[in-house]
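Worksheet: one structure, shown below.
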Amino acid sequence: MKRRTFIKQSGMVIGGTLLASPLLRAQNQSTVDLKSMRPAEGKRCFSSKEVEKLINKVKSSMADNELAWLFENCFPNTLDTTVDFEYIDGQPDTFVITGDIDAMWLRDSTAQVWPYMPLIKKDKDLREVIKGLVKRQTKCIILDPYANAFYKDVTKVSKWQSDRTQMLPGIHERKWEIDSLCYAVRLANEYYSITGDSSVFDDDWQEASRLIVQTFKAEQRKDGTTPYTFNRETGQMFDSPVHWGLGRPVKPVGLICSMFRPSDDATLYPYLIPSNVFAVVSLRQMANIHESITGETQLAKECTALADEVDAAIRQYAIVEHLDFGEIYAYEVDGFGNRVFMDDANVPSLMSLAYLGAHQPDDALYKRTRAFLLSDNNPYYLTGKAAEGQASPHTGQVNIWPMGIILRAMTSTDDKEILHCLKMLKATHAGTGFMHESFHKDDASKYTRDWFAWANTLFGELIVKLYHERPHLLKTEL
């Protein structure tokens, strides 16, 4: 699958380095050419009538033309440019690349199609795409539950082939991230909840679910060992865990180790709390599936027991006193009493816990944590001339992530805050009509990744959420 060029400009990103394009519009330029940036209909990877209907319906309710243009470009971006759908042996199969990297992440692929899930009951073809993705993700987990990214063509040689870990054919990258497995559960569970189609929970899915539980238990490292190690020769410190790929020491307390964050950066302390919270949600979903659908009652009990154990450990070791904000979530801990107070814009993040269903926006613990995240006490909350918002160590100390601004809006209950976020998103797409991975806090024309489908569809998801829940905000010209 070749990269599709759908933004014609000379700016590009190599190895995460910003290369500003001279053709980009200045940030303060007031006029933007609102010509559609979508591929021509015949060149789109997949088309959905229900998605097109929703785009037209939402656009017609929006007062701000530029924001509506952004929505029209971004919301269908995953279907337009990243989906490879076919039938293999009579079964749907869907491979979803992340954008400008020709590989499929378990995390990204679920997040990329998530905004379309409410439409699959009406759209049979779109439903098949999602079913095919559930099946493809199941195959990936069976291949290697520790891997985060995969190829469809198993003969393709990864640029990370020299990593010191078990690189099987079909694997693009083998970074152990708890959330990769959680996202696969999230998709399968939501597909069934909407459609009632339990056929996805076949023997392969059940095997994958057992592997998920086994992997989570192994990474509790109760005996001090792990079957996983990872080492990469790199100039980037965050690209590989310390101590020869094992990570920093942990005290076995029931939490699950994650060697990498959803940004694909190595963790500082292996107990990554947003991902552990996500694991609790996923384990309870698997328990329900096995109890009510597959009949694997013993596995259901195992899932519930593990969820309870991890949840208790989170409450004991991850909810800690901050000097200024009281009891809040730490981002990472080690079980010895060490902890990191910060957040990363990638999901799962602490900010996203209300989005993922682990908390309600008005929960006291979440509200205190969120207040910290949006303060200058959070080392990765940046304020600049272009915008303010959450950052990620993945892109250094000066870049804000649109994803962080989007999640702030999606978890907010305050109209003024949401409008503020919309204004920042509108002002920082650098004239391209798409969201990016990150942009310089003082100059949005300096950005990373011009093709990042997850950020695009997440922005679309925000607009659809507002259309249903706070339509009056879309009737405001920003």
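Using our numbering, read the sequence shown as starting at 285 and increasing by one per residue. By construction, the Cβ of each residue, glycine as well, lies at the ideal position given by its N, Cα and C atoms.
Beta-carbon proximity check, residue i vs residue j, cutoff 9 Å
i: Ile577; j: Tyr665; result: no
i: Met570; j: Ile496; result: yes
i: His720; j: Phe522; result: no
i: Phe718; j: Met321; result: yes
i: Ala324; j: Thr394; result: no
i: Gln776; j: Gly416; result: As displayed, the chain neither begins before 285 nor continues past 762, which places residue 776 out of reach and without an answer.
i: Thr362; j: Ala737; result: yes
i: Leu634; j: Thr653; result: yes
i: Pro536; j: Gln498; result: no
i: Arg623; j: Ala629; result: no
i: Ile747; j: Leu758; result: yes
i: Phe656; j: Asp698; result: no
i: Cys424; j: Asp368; result: no
i: Pro402; j: Ile478; result: yes
i: Ala584; j: Ala671; result: no
i: Glu370; j: Asp377; result: yes
i: Tyr555; j: Asp627; result: no
i: Lys651; j: Asp726; result: no
i: Ala563; j: Ala591; result: yes
i: Leu354; j: Lys710; result: yes
Reduced DSSP category for residue i - H, G, I as helix; E, B as strand; rest coil
i: Gln311; result: Residue confidence for Gln311 is low, a pLDDT of 40 falling below 50, so the modelled location carries little weight and cannot support an answer.
i: Asp727; result: strand
i: Asp364; result: helix
i: Gln674; result: strand
i: Ala550; result: strand
i: Trp685; result: coil
i: Arg448; result: coil
i: Gly383; result: strand
i: Ile404; result: coil
i: Gly300; result: Note that Gly300 scores a pLDDT of 38, beneath 50, so its modelled location is shaky; the value from the coordinates is reported in the next line. It is coil, neither helix nor strand.
i: Glu412; result: helix
i: Arg754; result: coil
i: Ile598; result: helix
i: Ala629; result: coil
i: Glu580; result: coil
i: Ala433; result: strand
i: Asp388; result: Residue identity check: residue 388 is Met in the sequence provided, not Asp. Of the three classes helix, strand and coil, the one that applies to Met388 here is strand, per DSSP.
i: Phe544; result: strand
i: Arg322; result: coil
i: Glu491; result: helix
i: Ser696; result: coil
i: Gln520; result: coil
i: Gln498; result: helix
i: Leu427; result: helix
i: Gly282; result: Here the chain covers residues 285 to 762 and nothing more, so residue 282 does not appear.
i: Leu637; result: helix
i: Lys749; result: helix
i: Thr679; result: helix
i: Arg328; result: coil
i: Gln421; result: helix
i: Val534; result: coil
i: Asp592; result: helix
i: Ala737; result: helix
i: Val484; result: helix
Per DSSP, the bridge partner or partners of residue i
i: Trp398; result: According to DSSP, Trp398 bridges with nothing at all.
i: Ser722; result: Thr732
i: Gly610; result: His606
i: Arg623; result: Val617
i: Tyr371; result: Pro376
Unbroken alpha helix (DSSP H) run spanning residue i, endpoints
i: Val380; result: Here Val380 belongs to no alpha helix (DSSP H); instead the beta strand (DSSP E) covers 375 to 380.
i: Thr479; result: 462 to 479
i: Val564; result: 557 to 573
i: Gly529; result: 526 to 529
i: Phe656; result: 648 to 657
i: Lys506; result: It is not in any alpha helix (DSSP H) - Lys506 carries neither H nor E in the DSSP assignment.
i: Asn349; result: 349 to 358
i: His704; result: 699 to 711
i: Asn340; result: 333 to 344
N-terminal and C-terminal residue of the beta strand (DSSP E) that residue i is part of
i: Tyr665; result: 665 to 667
i: His456; result: 455 to 457
Counting Cβ pairs closer than 8 Å, one from the segment 420 to 431 and one from the segment 397 to 405, do we hit at least three?
-> no
State whether the segment 331 to 350 contacts the segment 687 to 700, with contact taken as three or more CB pairs (one from each stretch) at a distance under 8 Å.
-> no
Does the count of Cβ pairs from the segment 713 to 721 and the segment 653 to 661 closer than 8 Å reach three?
-> no
Answer yes if the segment 511 to 522 comes into contact with the segment 633 to 646, meaning at least three C-beta pairs across the two stretches below 8 Å, and no otherwise.
-> no
Between the segment 340 to 350 and the segment 746 to 753, do at least 3 Cβ pairs fall closer than 8 Å?
-> yes
Would the segment 442 to 460 and the segment 407 to 416 be scored as touching if the rule is three or more Cβ pairs under 8 Å?
-> no
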